[in-house]
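Numbering (the working numbering), first residue to last: 6 to 157.
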């Protein structure tokens, strides 16, 4: 599988480097919650099961996804497109977070507890809420570039 993953990663980065293919982040992020559930979550859970630890880059990716659904970067808003349920839910959660009604760990726990979406309660995965919340706090406090630097 490692060879397949490296080949896939190379193909993806090659596509993004191709100046003739224009990718807009907001278009790529369309229905990001479903894409994460079907494409990345199985790898995250398999990595945890195989190694007994959560894959740091994949938990960071989940934190980055949650941060993306805030719909705000550097004080500017951007449109997020997804299922109406997720858009409303994130708007409510980020509003509560901004007003300090809930903290980052609670926000993450609420998102990960959505059985209807994840097809399981991800709060039951040992350490997942805490690791994603720590990553999300780093993103919020330092910005994405600085927060991801230790993983590079």
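Even glycine gets a Cβ: it sits at the ideal position worked out from N, Cα and C.
I'd like the list of long-range same chain contacts for residue i, defined as Cβ closer than 7 Å, with 5 residues on each side in sequence excluded.
| i | result |
| --- | --- |
| residue 101 | 107 |
| residue 115 | 98 |
| residue 143 | 152 |
| residue 132 | 59 |
Please go through the same chain and pick out, in chain order, the residues whose beta-carbon is closer than 6 Å to the beta-carbon of residue i, but skip the five residues on each side of it.
| i | result |
| --- | --- |
| residue 11 | none |
| residue 95 | 74 |
Taking the alpha helix (DSSP H) that residue i falls in, what are its first and last residues?
| i | result |
| --- | --- |
| residue 148 | Element bounds for residue 148: n/a, residue is neither H nor E. |
| residue 127 | Looking at the DSSP string, residue 127 is not in any alpha helix (DSSP H), and its letter there is neither H nor E. |
| residue 113 | 109-117 |
| residue 48 | 46-56 |
| residue 64 | 61-73 |
Sorted by chain position, which residues of the same chain lie with C-beta nearer than 8 Å to residue i's C-beta, five sequence neighbours on each side aside?
| i | result |
| --- | --- |
| residue 50 | 130 |
| residue 8 | none |
| residue 72 | 141, 144, 145, 149 |
List the residues that DSSP assigns as beta-bridge partners of residue i.
| i | result |
| --- | --- |
| residue 81 | 78 |
- prompt: Given 8 Å as the limit, is there contact between the stretch 59-66 and the stretch 134-146, that is, 3 or more CB pairs closer than that?
  reply: Output reads yes: the stretch 134-146 touches the stretch 59-66.
- prompt: At a cut of 8 Å, does the stretch 116-133 reach the stretch 41-50 through at least three beta carbon pairs?
  reply: Contact between the stretch 116-133 and the stretch 41-50 is present, because at least three Cβ pairs lie under 8 Å.
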